[in-house]
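Quick note on this note's numbering: the sequence shown kicks off at 23 and runs consecutively. Don't be surprised by glycine CBs; every beta carbon is placed ideally from N, CA and C. These figures come from a predicted structure and were not determined experimentally.
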Amino acid sequence: MASLCSTGLASALAFLVAALVANAATGSTNAFYLKEGDRVVFYGDSITDQRLYTTYIETFVLTRFLALNVTFTHSGWGGDKVSGGEGGPIALRLERDVFAYDPTVVTLMLGMNDAGYTDYNQDAFNAYKDGLVSIVKTLRTRLPDVRLTLIRPSPYDDITRSPDPKIPGGYNSVLIRYGDTVAELAAAIGQCIVDFNTPLVELLKKGRAINYGLAVRIINDRVHPRDAGQIVMAAALLKSWNAPGTVSEVTLDLAARRVALADNTRITSLDANADATAIAWTQLDNALPMPGDASSVTAFVLQASGLTDTLNRQILRIAPPLPQPVYDLYIDGQFVAILTTGQLAAGVNLAPLPTPMHRQAGEVHKLTLQRAAIHQTRWRNAQVPLANARTPAIQQNLPDILKTLDEADAATARLQRAAAQPVARRYELKAHSPARLASELIPPGQPASLTDALGPNLALNKKWVSSNPNALGWDRGLTDGIWTGASGTVYSTNEQPAFPKHVTVDLEAPLAVGRVLTGVPAYGSTKTVTLSLSADGQNFTEVGRHVFSPGHEETCLFDFVPVTARYVRLTYLDHHDAQPDGKYLPTFAFTTDLQVFAPAR
23 MASLCSTGLA SALAFLVAAL VANAATGSTN AFYLKEGDRV VFYGDSITDQ
73 RLYTTYIETF VLTRFLALNV TFTHSGWGGD KVSGGEGGPI ALRLERDVFA
123 YDPTVVTLML GMNDAGYTDY NQDAFNAYKD GLVSIVKTLR TRLPDVRLTL
173 IRPSPYDDIT RSPDPKIPGG YNSVLIRYGD TVAELAAAIG QCIVDFNTPL
223 VELLKKGRAI NYGLAVRIIN DRVHPRDAGQ IVMAAALLKS WNAPGTVSEV
273 TLDLAARRVA LADNTRITSL DANADATAIA WTQLDNALPM PGDASSVTAF
323 VLQASGLTDT LNRQILRIAP PLPQPVYDLY IDGQFVAILT TGQLAAGVNL
373 APLPTPMHRQ AGEVHKLTLQ RAAIHQTRWR NAQVPLANAR TPAIQQNLPD
423 ILKTLDEADA ATARLQRAAA QPVARRYELK AHSPARLASE LIPPGQPASL
473 TDALGPNLAL NKKWVSSNPN ALGWDRGLTD GIWTGASGTV YSTNEQPAFP
523 KHVTVDLEAP LAVGRVLTGV PAYGSTKTVT LSLSADGQNF TEVGRHVFSP
573 GHEETCLFDF VPVTARYVRL TYLDHHDAQP DGKYLPTFAF TTDLQVFAPA
623 R
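In structure tokens, the structure reads:
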């Protein structure tokens, strides 16, 4: 292996190797990295300071390992380098923001700022390498048993935007070289290495080819990944820690009236009537699915990255035969999905669906964010700025202030753990009934005559991806089932002048589709709209088009030869001239609602 060290680093590396030999890890390499009683500190620059990938990891551990007692401290500081930054020199940062918490695990990501946002510079690189080794040496000296996770710098987006012509290969090529030295150091000392750069770059490349409008929003300032991108980062770290991908997995054999498989869950009270039109059981999982927001960017990232299949599997399988072709799934009396016997036989992943378990995980994550915010207030608004205050009253009361915030932190941590505890859920599969679903699901505002005639809306509350997402509060309302035309219930693209634009709804499973209802509000300039369907999200077939009239509310029902499709796309080919009221630019494409229905019987 090529030498890691520049002149003067040999002794430091020798120390690190000696420490490795003295503290060789034990136990199964397949076991989850974190252990009972671990204290984790996340250390880094502004990308860690965002408290996004770190809080996703915290919530994952809380919801996947319900009995595991682990604490987390978020110690990222914007602008930091290996030498420190605005939070103080590195010695102070480590003393106050790491050692004070007596960690057993430290994750470390630096480099974005060290490389200087310019072309590769050997002096800057040497300073980074020397500083990184010094940090690791200091950590291992003070904490001989500490376990380190070293992280390659996350990418600078040279994919969806053109690289700086002054930097051959772009700035991210410089960060990759910095990441290589991180990997060499981790290998030399036998500690964990995580790559945030490669999976995000691969995602950006894939996104650029599929949907540039969403891909450019993953790292919208080229440096700081947004929530969706940080989910990918969290997943990379969790995979390196051997995180389990299964929430639970269930197989029911109705012919034998038995539970064939119950992985990480307990099934009781299994019951089914003679013709299997009603099946019910109680399920107590030992974990919760990963939470996630409903934004189009997050939906796109989860789909493009495949993370749901690798880290978020909550499988329900019903062994054939099933006498009914289609079933409606309810959990705790709440409708979840329409499922075919083929889907049930193959196994349905419930994790991304709007289940009570998914909502419970979301509540845990809210508490995670609240706890992290409390610590941030304690650290950045009290401890650091008031530490050197000369006012006697502040010096006297600061310990009490910090103690109060620490108590609030601890109390919120208890709430997190309580909110994550398992709840027995009652599952029901009922033979599909359009009339029943229509009465239960169609919200006020949808025309009753259409409801009666068309049956349940298969697209209700489903997620979508837009080629031209609206950043002004109108990227919503497309599948809410509401026809009022009120602000907040109407979808719109952005105002960019280039057409065509499109929006694609994911039905979450291949379904038999025969009719689609859509419409426009009285305002806006939406004109020619085509309807296309796809089974795979790549190859779309047009099944209809309509030219909407300007200046008044209008609906259009597309009725076509039934097909099996998962993805439903509206494409806006053009627009009318600006409307007389001039309230909206004509290049916004408005849609009141998009509803999808099974073929007529």
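Practice task
State the beta-bridge partners of A21 as determined by DSSP.
Solution key: The displayed coordinates of the chain run from 23 to 623. Any statement about residue 21 would go beyond what the structure contains.
Practice task
Please determine if the stretch 584 to 599 and the stretch 523 to 537 are in contact, where contact requires at least 3 C-beta pairs separated by less than 8 Å.
Solution key: yes
Practice task
Starting from G106, follow its DSSP beta bridges and name the residues at the other end.
Solution key: K103, P111
Problem - Backbone CA spacing between G138 and A146 [nearest angstrom] - result: 8 Å
Problem - The alpha helix (DSSP H) enclosing Q438, as first and last residue numbers - result: 414 to 441
Exercise for the section: Consult DSSP for V245 and reduce its assignment to one of helix, strand or coil. Expected result: coil
Practice task
Check each candidate in T163, R239, M255, D152 and name the one with the smallest Cα separation from E206.
Solution key: D152
Exercise for the section: State the start and end residues of the unbroken alpha helix (DSSP H) segment that holds G235. Expected result: 234 to 237
Practice task
For the beta strand (DSSP E) containing D217, list its first residue and its last residue.
Solution key: 214 to 217
Handout entry: Continuous beta strand (DSSP E) stretch holding A629: start and end
Key = In this structure the chain extends from 23 to 623, so residue 629 is not present and cannot be described.
Practice task
Would you mind sorting S291 into buried or exposed? The rule is 16 or more other CB atoms within 10 Å of its CB.
Solution key: exposed
Exercise for the section: Report all residues from its chain with a CB closer than 7 Å to the CB of I181; omit the five preceding and five following residues, and keep chain order. Expected result: V223, L226, K227, R230
Problem - Local conformation of R169 per DSSP, three classes - result: strand
Exercise for the section: Give me the Cα-Cα distance between P347 and L451, rounded to the nearest whole angstrom. Expected result: 12 Å
Practice task
Using DSSP bridges, identify the partner residues of I253.
Solution key: The partner list for I253 (beta bridge, DSSP) is empty, contrary to what the question assumes.
Handout entry: Same chain, Cβ closer than 8 Å to A411, five either side skipped, listed in chain order
Key = Q417, L420
Problem - Cβ-heavy atom distance, I173 to the ligand SAH, below 7 Å - result: Looking at this structure, you won't find the ligand SAH or any other ligand, since it has none at all.
Practice task
Output yes or no for whether 8 Å exceeds the beta carbon distance between P444 and L333.
Solution key: no
Practice task
Please list, in chain order, all residues of the same chain as I215 whose beta carbon is under 6 Å from its beta carbon, the five residues on each side excluded.
Solution key: L172, A205, A208
Practice task
Measuring alpha carbon to alpha carbon, tell me which of A149, F218, A282, Y142 ends up nearest D186.
Solution key: Y142
Practice task
Go ahead and label E108 buried or exposed: buried means 16 or more other beta carbons lie within 10 angstroms of its beta carbon, across all protein chains shown.
Solution key: exposed
Problem - Among L500, P177, S488, nearest to N479 - alpha-carbon criterion - result: L500
Exercise for the section: Give the straight-line distance between the Cα atoms of P331 and G267, rounded to the nearest whole angstrom. Expected result: According to the sequence as given, residue 331 is Asp; it is not Pro. Distance between the alpha carbons of D331 and G267: 8 Å.
Handout entry: Alpha-carbon spacing of Y78 relative to F570, whole angstroms
Key = 44 Å
Exercise for the section: Scan the stretch 541 to 573 and note each continuous beta strand (DSSP E) run of 3 residues or more that stays entirely inside, going in chain order. Expected result: 550 to 556, 563 to 569
Handout entry: N- and C-terminal bounds of the beta strand (DSSP E) containing I504
Key = Run containing I504: none; DSSP gives neither H nor E here.
Practice task
Can you grab the Cα-Cα spacing for the pair V358 / Q365, in whole Å?
Solution key: 14 Å
Handout entry: Distance, K57 Cα to L154 Cα
Key = 26 Å
Handout entry: Cβ neighbours of D275 in the same chain (closer than 6 Å, five flanking residues each side left out)
Key = A282, A341
Handout entry: Proximity winner among G110, D502, G59, relative to R402 (alpha-carbon distances)
Key = G110
Handout entry: DSSP state of K605 mapped onto helix, strand, coil
Key = coil
Exercise for the section: Could you spell out where the beta strand (DSSP E) holding R65 opens and where it closes? Expected result: Looking at the sequence itself, residue 65 is Tyr, so the reference to Arg does not match. Counting along the chain, the beta strand (DSSP E) containing Y65 begins and ends at 61 to 66.
Problem - Beta-carbon proximity list for L427, same chain, < 7 Å, skipping 5 on both sides - result: I396, T399, R400, A404
Handout entry: Per-residue DSSP class, three states only, for E530
Key = strand
Handout entry: CB contact flag (L616, A481, <8 Å)
Key = yes
Problem - Which of helix, strand or coil DSSP assigns to N492 - result: coil
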